[in-house]
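Peer 1: Take 230 as the starting number for the sequence shown in the working numbering and just add one per residue.
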Amino acid sequence: MAYRLEVTCDQTGVGDQLAITGSTLELGNWDTSQAIRLQTSEETFPVWARSPAEIWRGQLKRAFQNHRCAREASTGPTPMSSAVNGPWVVPDAKKVTYLTDVEGHWPYFCNFVELSECLSFAVEGDQRTARKAPELILKDDWHFVFGGDTCDKGPGSLRCLQALVSLKRRYPDRVHLLMGNRDINKMRLTSEYTDQELALLSPESPAAYWVPEDKRTKPWDYLFHLAESAGAHPTEEEIRGFCTGANLLRYHLKYDMGSDGEFEFRRQELAHMAGCEEEDIGDEEVMQSYKESVAEGGLMREYLRLAELTCLLGQTLFVHGQLIGNHFHHCGTDGVAWSVKCVPNDKVDGGVEIEEDLRRWVEKLNTWAHNDVAAWMAEPTWRASPRDATYEAWARRAGAELIAYGTPASHVPSVVYCRWLEDNCMPKQYPPDLLGFLVSQGVSRVIVGHTPHGNCPTVIPHEGLTVIMGDTSYSNMKSDLAYPGDNRGDAVCEIAIFDDQCVVRGRTGATAEGRPRQVVHYVVTESSSAGDPHIGVIQPPSASVPLDACFFVKACLPAMEGKDARYLLCKVDGFTNTYQEESPAEVLRVFGSQSVLKANATTRKRLTSHGEEFGASCSAEGDVLEHIFRRLDRDHDGVVTAHELLTACSDPEVRRALQWTFPDTCLEDVFRELDANQDGIVTLHEFQSRVKRS
230 MAYRLEVTCD QTGVGDQLAI TGSTLELGNW DTSQAIRLQT SEETFPVWAR SPAEIWRGQL
290 KRAFQNHRCA REASTGPTPM SSAVNGPWVV PDAKKVTYLT DVEGHWPYFC NFVELSECLS
350 FAVEGDQRTA RKAPELILKD DWHFVFGGDT CDKGPGSLRC LQALVSLKRR YPDRVHLLMG
410 NRDINKMRLT SEYTDQELAL LSPESPAAYW VPEDKRTKPW DYLFHLAESA GAHPTEEEIR
470 GFCTGANLLR YHLKYDMGSD GEFEFRRQEL AHMAGCEEED IGDEEVMQSY KESVAEGGLM
530 REYLRLAELT CLLGQTLFVH GQLIGNHFHH CGTDGVAWSV KCVPNDKVDG GVEIEEDLRR
590 WVEKLNTWAH NDVAAWMAEP TWRASPRDAT YEAWARRAGA ELIAYGTPAS HVPSVVYCRW
650 LEDNCMPKQY PPDLLGFLVS QGVSRVIVGH TPHGNCPTVI PHEGLTVIMG DTSYSNMKSD
710 LAYPGDNRGD AVCEIAIFDD QCVVRGRTGA TAEGRPRQVV HYVVTESSSA GDPHIGVIQP
770 PSASVPLDAC FFVKACLPAM EGKDARYLLC KVDGFTNTYQ EESPAEVLRV FGSQSVLKAN
830 ATTRKRLTSH GEEFGASCSA EGDVLEHIFR RLDRDHDGVV TAHELLTACS DPEVRRALQW
890 TFPDTCLEDV FRELDANQDG IVTLHEFQSR VKRS
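Right under this line is the structure:
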């Protein structure tokens with residue numbers, strides 16, 4: 230049985246404390262904990278934060294009337310959660326959609342919403358140029374997981390945060406926000422950018438300890454370079470003139486946050502949201518935006534307060550980075566370390582507690598992170614500023630353990646800053662002991678982000694388990710499509726779980742030659758469901774096929790525009806991806822016979838992302854018409870209404886596709902032509918019949 234305490238807004242006020250202690254025969258001992266109401270909420274339930282406290286047994290710190298314990302039947306293990314974050318383990322989750330690593334790319338966020346099976350904006354029209362994030366609607370029975378990294382590399386970070394925080398508040402039990410390294414490192418803003426820190430800055434001020442020594446640049450050296458660029462041989466006084474909060478933030482964004490250029494992206498977004506020119510937004514306004522984001526009620530502070538490090542929905546485990554890595558401070562004799570089962574705990578030897586039960590591990594890891602965020606919120610500044618580049622020197626602040634956990638120098642194996650690939654970044658399978666542990670715990674699927682891996686998700690099949698890498702943030706490194714510096718283009722894919730089936734669908738972008746973008750759609754083969762058995766298969770190396778020449782099957786490209794279905798193959802070398810399309814027969818022949826795959830005309834590196842999804846004509850027979858119809862059918866009920874047609878046509882590719890059949894025709898007339906029997910809805914048959922006549 231599961232129990233939930235429900236407290237409505239009119240029963241408590243901001244700052245009130247609530248504690249439940251004691252025991253009952255059914256519940257056993259309550260966890261001794263204290264919850265503090267953080268802010269006024271317009272929703273049914275207020276928002277609380279917990280921190281350990283000494284509570285008198287059998288006493289409620291805050292008495293209130295009309296509270297109730299709602300007893301709910303549970304079909305499996307009790308859902309685990311905090312009072313704030315919602316459930317961390319949901320055994321009966323059947324429908325889940327996943328998005329990750331948006332990194333401030335608001336148009337990409339909008340592309341995903343338009344593609345998604347279960348998300349939609351509450352307002353009509355194209356939201357890519359919205360000055361404020363509109364409200365999102367999540368379909369009933371669906372869970373949404375955001376895999377972390379909301380911000381930093383595009384002029385849309387604030388709107389992405391607005392949308393995600395609002396969605397979590399509206400659907401607290403069905404929205405799961407994971408902490409990424411780019412989210413966690415914003416905790417540093419409250420301690421490293423104060424007036425006191427600026428006054429203390431000197432030539433001895435250290436660089437961040439997690440940056441490799443040969444790549445470290447001290448903040449004073451950065452300021453010296455700025456002063457030198459303004460005039461030769463700067464004095465210390467002249468250098469100090471460049472010692473501003475804005476310049477210090479620029480330094481950290483560039484040298485130890487991996488976000489060079491983000492300061493100007495924030496300026497662009499503030500100008501867009503205010504409806505003014507970029508030159509009207511000064512450095513101080515940009516700096517103030519960052520400070521406000523982590524102040525009480527700020528968007529990033531709220532995201533961190535509501536977020537978690539991992540969640541287990543049904544048989545799918547989600548983390549930002551990975552469950553195993555080879556770059557941690559403490560690795561085993563084989564040179565790798567598991568981050569799964571590891572819980573940071575400075576009260577045990579080595580600072581790591583090992584939890585063998587996966588569900589308890591999820592609970593303990595999230596509780597640790599939640600407590601570190603609460604401690605940071607209560608004590609946001611340095612106890613003592615760092616004077617050297619060591620872990621210990623940078624640990625003298627609340628939340629320091631979680632901040633370190635999100636860096637490459639974490640002293641504890643981390644699920645955040647972690648990756649598991651071959652040396653050349655090709656897919657790599659889990660070792661047998663990790664695979665065995667996960668399967669024994671009932672996990673059949675692991676979904677991760679953090680590491681960019683091409684222009685659509687990468688599937689890594691195992692016996693009894695599937696790993697899916699969902700970060701596509703390097704889809705097109707030279708796109709500049711949505712804004713200068715855009716490294717995505719318009720590639721977007723959704724990873725969606727329906728009961729025991731996992732579907733990947735979306736688009737990769739366009740070819741370098743400007744041909745239509747590739748449409749991706751396939752079902753992942755898993756032990757509990759039949760899907761495409763070729764996805765994720767790696768070409769076996771041989772004497773004639775060296776390891777660095779091997780491709781793997783990246784995705785299935787369904788039959789469209791009179792063309793048969795094909796497979797997208799990929800070869801990875803670092804962040805360079807070489808792609809090639811082949812027929813199913815050729816994939817079977819080559820991968821089965823270990824012969825060398827001959828390059829064809831579709832081979833390219835770093836795909837660009839322009840062009841039309843539906844190709845040069847909508848009059849083609851077959852799957853293309855069904856695909857277009859599905860795109861118009863926003864609620865997937867098998868018919869298209871006038872409202873759905875209008876909403877779908879906010880996508881320029883949909884408009885272009887329809888214009889081939891209905892040139893120079895307004896949408897109202899298009900709908901009337903499609904609706905043959907004038908009953909107010911368009912069926913697939915009506916759509917196909919009308920388009921085929923053109």
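We put the beta carbon where it would ideally sit given N, CA and C, even for glycine.
Remember, it's a predicted structure, so these values are computed and weren't measured experimentally.
By alpha-carbon positions, which one of Lys-707, Ser-771 and Lys-783 ends up nearest to Cys-722?
Peer 2: Lys-783
Peer 1: Using the Cα positions of Cys-472 and Ser-488, report the straight-line distance between them to the nearest angstrom.
Peer 2: About 20 angstroms.
Peer 1: What does DSSP give as the partner residues of Gly-554 in its beta bridges?
Peer 2: Ala-566
Peer 1: Using three-state DSSP, classify Gln-391 as helix, strand or coil.
Peer 2: In the three-state scheme derived from DSSP, where H, G and I count as helix and E and B as strand, Gln-391 is classed as helix.
Peer 1: If I'm right that Val-911 touches Val-869 with Cβ under 8 angstroms, what's the distance once you round it to whole angstroms?
Peer 2: 4 angstroms
Peer 1: Could you check the C-alpha separation between Leu-535 and Gly-554 for me, to the nearest Å?
Peer 2: If you take the alpha carbons of Leu-535 and Gly-554, they lie about 27 angstroms apart.
Peer 1: If you reduce the DSSP assignment to three classes, tell me which class Met-655 lands in.
Peer 2: It is coil, neither helix nor strand.
Peer 1: Check whether the stretch 330 to 349 touches the stretch 598 to 617, taking contact to mean three or more Cβ pairs, one atom from each stretch, closer than 8 angstroms.
Peer 2: In short, these stretches do not touch, since the Cβ pair count stays below three.
Peer 1: My parser needs the beta strand (DSSP E) runs of 3 or more residues fully inside the stretch 664 to 708; what are they?
Peer 2: 674 to 677, 687 to 691 and 694 to 698
Peer 1: Using 8 angstroms for Cβ pairs, my map puts Gly-718 next to Ser-702. What's the rounded Cβ distance?
Peer 2: Not a contact, Cβ separation roughly 11 angstroms.
Peer 1: Using 10 angstroms around the beta-carbon of Ala-436, count the other beta-carbons present and answer buried if the total reaches 16, otherwise exposed.
Peer 2: It counts as buried.
Peer 1: If you check the beta carbons only, do Arg-734 and Gln-747 fall under 8 angstroms apart?
Peer 2: no
Peer 1: Let's see if you can read the secondary structure: which residues bound the alpha helix (DSSP H) around Pro-336?
Peer 2: 335 to 344
Peer 1: Could you tell me the distance, in whole angstroms, from the CA atom of Arg-588 to the CA atom of Phe-373?
Peer 2: 19 angstroms
Peer 1: Is it right to say Lys-324 is buried, meaning 16 or more other beta carbons lie within 10 angstroms of its own, or is it exposed?
Peer 2: Buried, by the Cβ-count rule.
Peer 1: Apart from the five residues on each side of it in sequence, which residues of its chain come closer than 8 angstroms, Cβ to Cβ, to Gly-579?
Peer 2: Cβ neighbours of Gly-579 beyond the five flanking positions: His-559.
Peer 1: Using alpha carbons as the reference points, say which of Asp-450, Asp-575 and Met-416 lies closest to Ser-522.
Peer 2: Closest option to Ser-522, judged by alpha-carbon separation, among Asp-450, Asp-575 and Met-416: Met-416.
Peer 1: Reducing DSSP to helix, strand and coil, say where Ala-598 ends up.
Peer 2: It is helical.
Peer 1: Is the beta carbon of Tyr-659 closer than 8 angstroms to that of His-682?
Peer 2: no
Peer 1: Could you say if the stretch 666 to 674 and the stretch 625 to 644 meet the contact criterion of at least three C-beta pairs nearer than 8 angstroms?
Peer 2: no
Peer 1: Just reading off the alpha helix (DSSP H) that Pro-448 is part of, what are its end residues?
Peer 2: For Pro-448, the enclosing alpha helix (DSSP H) stretches over residues 448 to 459.
Peer 1: With 16 as the cutoff for other CB atoms within 10 Å, does Thr-805 come out buried or exposed?
Peer 2: exposed
Peer 1: Is DSSP giving Arg-919 helix, strand or coil here?
Peer 2: helix
Peer 1: According to the Cβ coordinates, are Leu-390 and Met-529 closer than 8 angstroms?
Peer 2: yes
Peer 1: Using beta-carbon positions only, say whether His-405 and Cys-540 come within less than 8 angstroms of one another.
Peer 2: With contacts defined as CB atoms closer than 8 angstroms, His-405 and Cys-540 qualify as a contacting pair.
Peer 1: Please determine if the stretch 495 to 502 and the stretch 392 to 405 are in contact, where contact requires at least 3 C-beta pairs separated by less than 8 angstroms.
Peer 2: no
Peer 1: Using 8 angstroms as the threshold, is the C-beta distance between Glu-346 and Leu-875 below it?
Peer 2: no
Peer 1: Can you give the Cα-Cα distance for Asp-662 and Gly-511, rounded to whole angstroms?
Peer 2: 55 angstroms
Peer 1: Inspect the beta-carbon positions of Leu-935 and Leu-664 and report whether they are closer than 8 angstroms.
Peer 2: Missing from the structure shown is residue 935; the chain here goes from 230 to 923 and no further.
Peer 1: Val-752 and Gly-765 look like a contact to me (Cβ under 8 angstroms); what is the Cβ gap, rounded to whole Å?
Peer 2: With 8 angstroms as the limit, Val-752 and Gly-765 do not qualify as a contact, their Cβ atoms being about 12 angstroms apart.
Peer 1: Pick out whichever of Asp-509, Asp-802, Ala-772 and Gly-409 has its Cα sitting closest to the Cα of Phe-781.
Peer 2: Asp-802
Peer 1: Taking just the CA atoms, how far does Leu-533 sit from Gly-628?
Peer 2: Rounded to whole angstroms, the separation of the alpha carbons of Leu-533 and Gly-628 is 12 angstroms.
Peer 1: Report yes if the C-beta distance between Val-677 and Val-569 is below 8 angstroms; otherwise report no.
Peer 2: no
Peer 1: Could you tell me which of Glu-508, Leu-499, Glu-507 and Asp-509 sits nearest to Tyr-519, measuring between CA atoms?
Peer 2: Leu-499
Peer 1: Helix, strand or coil for Pro-661, going by three-state DSSP, please let me know.
Peer 2: Helix, per DSSP.
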